[in-house]
Every structure is written in structure tokens, then in C-alpha cells.
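Asks:
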Amino acid sequence: MWQFGYWVPRGLFHVGARLGTSHASAYFPCSSHPSARCLYNVCQWKSSSSKVSIGCLFNSTTVLLLLLLFLAKKRSSNSQTTPFLFLIFDLLPTLYILLQNSASEAKSRTMRKQNAIVPEELALTATRSAFPPPRSSGLATTRHASYKRFLPHLDIGGNDDNSTRVNTWVDSLRASSPTHANAAAVLSASVAGDEDYNIWAKQHPSALSSFDGAIAGATGKKIVVFLDYDGTLSPIVDDPNRAFMSAAMRDAVRVVAKQFPTAIVSGRCINKVFSFVKLRELYYAGSHGMDIKGPSKRTKHTNPKAKAVLFQPANEFLPMMQEVYKKLVEETKFIMGSRVEDNKFSLSVHFRCVDEKIWSSLIELVTSVLKEYPKLRLTLGRKVLEIRPSIKWDKGKALEFLLESLGFTNCSNVFPIYIGDDRTDEDAFKVLREKEQGLGILVSKFAKETNASYCLQEPTEVMNFLRRLVQWKCESSLKK
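Each residue of the sequence shown is one higher than the last, beginning at 11 in my numbering.
Structure below.
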């Protein structure tokens, strides 16, 4: 009787076996590693006399595991046993994924035959509706309680409360991404959901339908335009590398930049944002404002007092961010649908295409990596985890820095307009609200707690607002 142990790359799961005349076992102690929990659970197989037992979390792989381990037992006396077992267990992840995908497709086909709503169809139905469905199983009793709340930064220092916050994040995300299981409840509550949204919309009116009121404070002042990218100038898409803006949107931004100093403020790295926007006359603030560059093309509206802009307040963190990026890419490579994006001074872990059943495991995996880096902080965006240096710098600070660079320090005749859709844009909205200056516009179809005063529902409305702004500028010039 003898035994051996074998590790599949990056510790996805461990296989151990004791081979003899009457006993063989294989086990997967996966609970010690978050990435393993995404795919496997403990599996044990024993063969003794005529009795065979197997325990496995995934029913679709039971027969496969039993067959493979039975073959391993039959070959236990062969000198090639160890390489044979290595081959078997190396193939398990691929075989499991193929079986799971096949089972998922079969389940969807069956549900369609039974006229049930599958997740993809429900999502399509929701996007076609004028207002979004309510989040979670029921509506709050007060008008504010049912709004989407922005969640606090996740403490990655190892607090006991960390798992609670992870669960809170996941619950919030699942509530805004209903599946076929609660489709009936979502649809039956749609009327109440619309009413809830309408209450919020009265407090945050459309910047288009209420344009004159929104822009009234800009009369006689210098307008500066700040724009987020994803979800504001381009739609949110599954593949972040394909978040292209339309030609019509690019033209609208180009025309705005001819009339007003204009900046793109994004969580993306500058090079990535520029590859999408392709306008040299803009200011670009990437990595949530931690990488700022001025326009390479001067315009007639550039303030003569403006400073040359090249600002990187988190430059010392670059080696650390690259180190964490490599670790996250390696640790998440077995999680189907996940993607780690390098934004130079920040990192993004996208999980829009990840099965929601393993969101918790993915978040725990990311936090386990970041425990070694206490100088970094983790926040949640729109199905994306954002990792940034723990410095007092954000999109609000970037807005203030750019206004100063443009020569508008402590200036009362400036009217900043900031348009964004993400939690990170709230820092900029907060600056404008505290200064009681300018206009903050949230892009959202949902009712959210926000420091913005007005709202737009989608990028198409943002484009129409920008066009309307230019039209207003031209009309104002003619009246002078």
C-alpha cells in the first residue's frame, strides 16, 4: 500500500490517493482556497469489496469521477499508474466545464419549451422597459430605503466583518440582477417599482426635459465639461475592450470641446480611453484621476492662464500595482468570465460574465490577494472590483485639480458640468454640491442615492444633452 500527492497549477485542487488491494481514495480539500470553491467541493471515493460510494457537490460529474477513479483503481498495479492519474486529474477541470456548459444549455432549452423565462431573456426584457424593475424581493416601506445604496469600501485588512461585507455586496448585486427564479415577483412589482422611481425622479429631474432650469446658473459664466466614459459616453458591455463609443457620440464630444474646455475622467488608463475617444483636444484623467494629461491640441477656448498638465500623484505605487496585477491574473484564470484590467495606477476585476453563484468566491479570492498589500483599497463598481492606492485622491480631487490648471482657482464665474454613472463619480458630484457650484448629472435608469442634482438615463441622452448644450451656447452668443 502506498500514497502520493499531486498539485494542479496554482493550487486549484489537490489530489491524494492510497492505492492497495482493497482501498483507494481521491479527495479535493478545496475549502482552503477561494478559487477552488468556484469549481469543486470535497469529493471522496472508496472501493472496498463490492461496495462503492461517492460524494460530490456536482451531480453532472458524479458518473465521470466514478469512471475515472475506477480506471485508476484497475491500473493501480501497473508501473505507469502515477502518470496515468496525473493525466486524469489534469483533464478534470476541462471535462467539468464542458459538462456544466452542456447542462446549462439543456436546462435553458427545457425552460423555453415550458415557456419559462430564462436569465438572458429576462435581462433583455428589463432593458427594453421604460423604467427598471425593483431590486430585491420586496419594496421598502419608505421612499428612500428602496434606493440603490452605494456600499462602503471593503476592508481588506482581515477584519472579522469582512465576510459580512462581501455577502452584502453580493446580495446587492444579485438584487439588481434578478434571475428566472424570482421573475414573477419582479414583474408583479413593476408598477410599484415605477412609482418608486418616479418619486426619485422628481428630486433628480431629467437634465434634458428640465434643461433650461439645469443650465440657468451658467448664464454669464465659463462652462467646463467633465465626462466619465463607460456607461456615460459608451454603453456598458460584457467585454471592456469593446466598449466603443459611436461616431455620433464622438462628433458630439468634439463639438462640445470646440465651445468649452472638456475633460474625460475615467477609471481606465489614459491610453485605453484615448484609443476609444480619439480626440486630441481633450483633457484626460485616467485611473480615477491619478493620471492626468492636458490636450495635445490647443483650441481657441484654452485659457491663457492654464498650466501645462501632467500629474501622477500615485507614481510610487506603479511597481506594486504591476505585482498585484500579475497575481490577480494568475489567481483568477480558472474563473470563467472574469477579466483583470490594468489601468496603470488602478486595477479592475470585471465579473459581469461570471456566474453569480461564484461572485462571493471571486471577491474573497481578490481580498485574499490584497491582504498582503495594506496600502491598497478595494471598492465595488458596476459588476467590477476596483483596486486603487489608499491615497486621498479621487475623481473629485481630479476635478478640482483640472479647474485649477485651467486658471479657475476660487473663481465664482466658472460653471463645471460633471456627467457620470458610477459610484466613483460621486466624489466629483460631492465637490460640486459642497461648493454649491456647477451641475452634477447622474446617468442611471435606477433610483440611487447620489450627490448629483439631475439625471440622464443612458448614453444616448448624454449625447442629446451635449448637443443641446452647444445649441444653448450658440443661441446665447447671438443674443449678445
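All C-beta atoms in this analysis are idealised placements derived from N, C-alpha and C, irrespective of residue type, glycine included. Just so you know, these numbers come straight off a predicted model, no measurement behind them.
Please list the terminal residues of the continuous beta strand (DSSP E) segment that includes aspartate 435.
Replies: For the purposes of this step, residue 435 is identified with residue 425 of the sequence shown, where counting begins at 1. Where aspartate 435 is concerned, there is no enclosing beta strand (DSSP E), given that its DSSP letter is neither H nor E.
Asks: Report buried or exposed for threonine 272, applying the criterion of at least 16 other Cβ atoms within 10 angstroms of its Cβ.
Replies: Against the sequence shown, residue 272 aligns to sequence position 262. Classification of threonine 272: buried, given that the 10 Å Cβ count is 16 or more.
Asks: Less than 8 Å separating the beta-carbons of proline 426 and glycine 448?
Replies: Position 416 of the sequence shown, counted from the first residue, corresponds to residue 426. Position 438 of the sequence shown, counted from the first residue, corresponds to residue 448. In this structure, glycine 448 lies closer than 8 Å to proline 426 by Cβ.
Asks: On a CA-only basis, which of Val376, Pro245, Ala258 is nearest lysine 336? Give me that one, please.
Replies: Along the sequence shown, one-based indexing puts residue 336 at 326. Nearest of Val376, Pro245, Ala258 to lysine 336, Cα basis: Val376.
Asks: Could you check which residue in Lys489, Ile274, Gly417 has the C-alpha nearest to that of lysine 232?
Replies: Position 222 of the sequence shown, counted from the start, is the residue given in the question as residue 232. Comparing Cα positions, the closest option is Gly417.
Asks: What are the boundary residues of the beta strand (DSSP E) that cysteine 465 is part of?
Replies: Taking the first residue of the sequence shown as position 1, residue 465 is located at position 455. 464-466 is the extent of the beta strand (DSSP E) around cysteine 465.
Asks: Give me the Cα-Cα distance between arginine 362 and methionine 346, rounded to the nearest whole angstrom.
Replies: Your numbering for residue 362 matches position 352 in the sequence shown. Your numbering for residue 346 matches position 336 in the sequence shown. Each residue's Cα considered, the two are about 11 Å apart.
Asks: For valine 227, count neighbouring C-beta atoms within 10 Å of its own C-beta (all shown protein chains included) and say buried if the count is 16 or more, exposed if not.
Replies: Indexing the sequence shown from 1 puts residue 227 at position 217. Before going further, note that residue 227 is glycine rather than valine in the sequence given. By the 10 Å Cβ count, glycine 227 comes out exposed.
Asks: Per DSSP, threonine 389 is paired with what?
Replies: Walking along the sequence shown from the start, residue 389 turns up at place 379. Paired residue(s): Glu396.
Asks: Quick check: is the beta carbon of phenylalanine 221 nearer than 8 Å to any beta carbon in chain B?
Replies: Note that chain B does not occur in the displayed structure, where there is just one protein chain.
Asks: Quick check on aspartate 222: does DSSP put it in helix, strand or coil?
Replies: By 1-based counting over the sequence shown, the position of residue 222 is 212. In the structure shown, aspartate 222 sits in a helix (DSSP, three-state: H, G or I).
Asks: Taking its Cβ as the centre, do 16 or more other Cβ atoms sit within 10 Å of tryptophan 485, making it buried, or is it exposed?
Replies: As a position in the sequence shown, residue 485 is number 475, starting the count at 1. Note that residue 485 is glutamate in the sequence shown, not tryptophan. Under this definition glutamate 485 is an exposed residue.
Asks: Using 10 angstroms around the beta-carbon of serine 356, count the other beta-carbons present and answer buried if the total reaches 16, otherwise exposed.
Replies: For the purposes of this step, residue 356 is identified with residue 346 of the sequence shown, where counting begins at 1. Classification of serine 356: buried, given that the 10 Å Cβ count is 16 or more.
Asks: Under 8 Å between the Cβ atoms of valine 234 and phenylalanine 284?
Replies: Stepping through the sequence shown from its first residue, residue 234 is reached at position 224. Stepping through the sequence shown from its first residue, residue 284 is reached at position 274. No. Outside cutoff.
Asks: Run through DSSP, which three-state label would tyrosine 239 get?
Replies: In the sequence shown, residue 239 corresponds to position 229, counting from 1. Looking at tyrosine 239 - three-state DSSP - the assignment turns out to be coil, as it is neither helix nor strand.
Asks: What's the call for aspartate 238, buried or exposed, on a 16-neighbour Cβ count within 10 Å?
Replies: Residue mapping note: residue 238 aligns to position 228 of the sequence shown, counting from 1. The residue in question, aspartate 238, is buried, as its Cβ has 16 or more Cβ neighbours within 10 Å.
Asks: For asparagine 423, does the count of other Cβ atoms within 10 angstroms reach 16, so buried, or fall short, so exposed?
Replies: Walking along the sequence shown from the start, residue 423 turns up at place 413. The residue in question, asparagine 423, is exposed, as its Cβ has fewer than 16 Cβ neighbours within 10 Å.
Asks: Relative to the C-alpha of alanine 253, which candidate in Lys458, Asp261, Ser244 has its C-alpha closest?
Replies: Numbered from 1 along the sequence shown, position 243 holds the residue referred to as residue 253. Ranking Lys458, Asp261, Ser244 by Cα distance to alanine 253 puts Ser244 first.
Asks: In terms of DSSP beta bridges, what is histidine 360 paired with?
Replies: Here residue 360 refers to the residue found at position 350 of the sequence shown. BP columns for histidine 360 point to Arg349, Val394.
Asks: Should arginine 290 go down as buried or exposed, given a rule of 16 or more other Cβ atoms within 10 Å for buried?
Replies: By 1-based counting over the sequence shown, the position of residue 290 is 280. Exposed, by the Cβ-count rule.
Asks: Between the Cα of lysine 288 and those of Asp404, Arg264, Trp369, spot the shortest distance and give me the residue it belongs to.
Replies: The residue you call residue 288 lines up with position 278 of the sequence shown. The residue with the shortest Cα to Cα distance from lysine 288 is Arg264.
Asks: Since serine 216 and leucine 479 are thought to touch, with beta carbons under 8 Å apart, how far apart are those beta carbons, to the nearest angstrom?
Replies: The sequence position of residue 216 within the sequence shown is 206, counting from 1. The sequence position of residue 479 within the sequence shown is 469, counting from 1. Incorrect: roughly 14 Å between the Cβ atoms, too far for contact.
Asks: Please state the DSSP three-state secondary structure of proline 215.
Replies: Taking the first residue of the sequence shown as position 1, residue 215 is located at position 205. Coil, per DSSP.
Asks: Looking at glycine 299 and arginine 278, is the spacing between their C-beta atoms short of 8 Å?
Replies: Along the sequence shown, read from residue 1 onward, the residue named residue 278 stands at position 268. Along the sequence shown, read from residue 1 onward, the residue named residue 299 stands at position 289. Contact: no.
Asks: Grab the span of the alpha helix (DSSP H) containing phenylalanine 286 for me, first residue to last.
Replies: For this step, residue 286 is matched to residue 276 along the sequence shown. It spans 280-287 - the alpha helix (DSSP H) in which phenylalanine 286 sits, taken as one unbroken run.
Asks: Count the other C-beta atoms from every protein chain shown that fall within 10 angstroms of the C-beta of serine 156, then say buried if there are 16 or more, exposed otherwise.
Replies: The residue labelled residue 156 in the question sits at position 146 within the sequence shown. With a pLDDT of 48 at serine 156, under the threshold of 50, the modelled position of that residue is not reliable, and no figure is offered here.
Asks: So which of Met473, Trp403, Gly223, Gln481 has the shortest CA-CA distance to valine 453?
Replies: Counting from one through the sequence shown, the residue named residue 453 turns up at place 443. Nearest option by C-alpha distance: Met473.
Asks: Looking at the strands, I want to know which residues DSSP matches up with histidine 272.
Replies: Within the sequence shown, the letter at position 262 stands for residue 272. For clarity, residue 272 is threonine in the given sequence; the question names histidine instead. Answer is Val235.
Asks: Exposed or buried, what is proline 143 when buried is set at 16 or more other beta-carbons lying within 10 Å of its beta-carbon?
Replies: The residue given as residue 143 occupies position 133 in the sequence shown. In this prediction, proline 143 scores a pLDDT of 33, lower than 50, which makes its location untrustworthy; no coordinate-derived value is stated.
Asks: Report the partner residues of glycine 450 according to the DSSP bridge assignment.
Replies: Locating residue 450 in the sequence shown gives position 440, counting from the first residue. Bridge partners of glycine 450: Tyr428.
Asks: Helix, strand or coil: how does DSSP classify aspartate 404 here?
Replies: For the purposes of this step, residue 404 is identified with residue 394 of the sequence shown, where counting begins at 1. Coil, per DSSP.
Asks: Of the residues Ser487, Ser306, Lys489, Tyr464, which one's Cα is nearest the Cα of tryptophan 210?
Replies: Within the sequence shown, the letter at position 200 stands for residue 210. For the residues Ser487, Ser306, Lys489, Tyr464, the minimum Cα distance to tryptophan 210 belongs to Tyr464.
Asks: By the three-class DSSP mapping on this structure, what secondary structure does lysine 303 have?
Replies: Locating residue 303 in the sequence shown gives position 293, counting from the first residue. Correct three-state label for lysine 303: strand.
Asks: Only counting the same chain, and skipping five residues up and downstream in sequence, which positions put a Cβ closer than 8 Å to that of asparagine 461?
Replies: In the sequence shown, the residue the question calls residue 461 occupies position 451. Here the set comprises Glu436, Phe439, Lys440, Leu442, Arg443, Gly450.
Asks: Closer than 8 Å is the cut-off here; do at least three beta carbon pairs connect the region 364-371 with the region 408-417?
Replies: Result no; under three Cβ-Cβ pairs closer than 8 Å.
Asks: Reducing DSSP to helix, strand and coil, say where phenylalanine 411 ends up.
Replies: In the sequence shown, counting from the first residue as 1, residue 411 sits at position 401. Helix.
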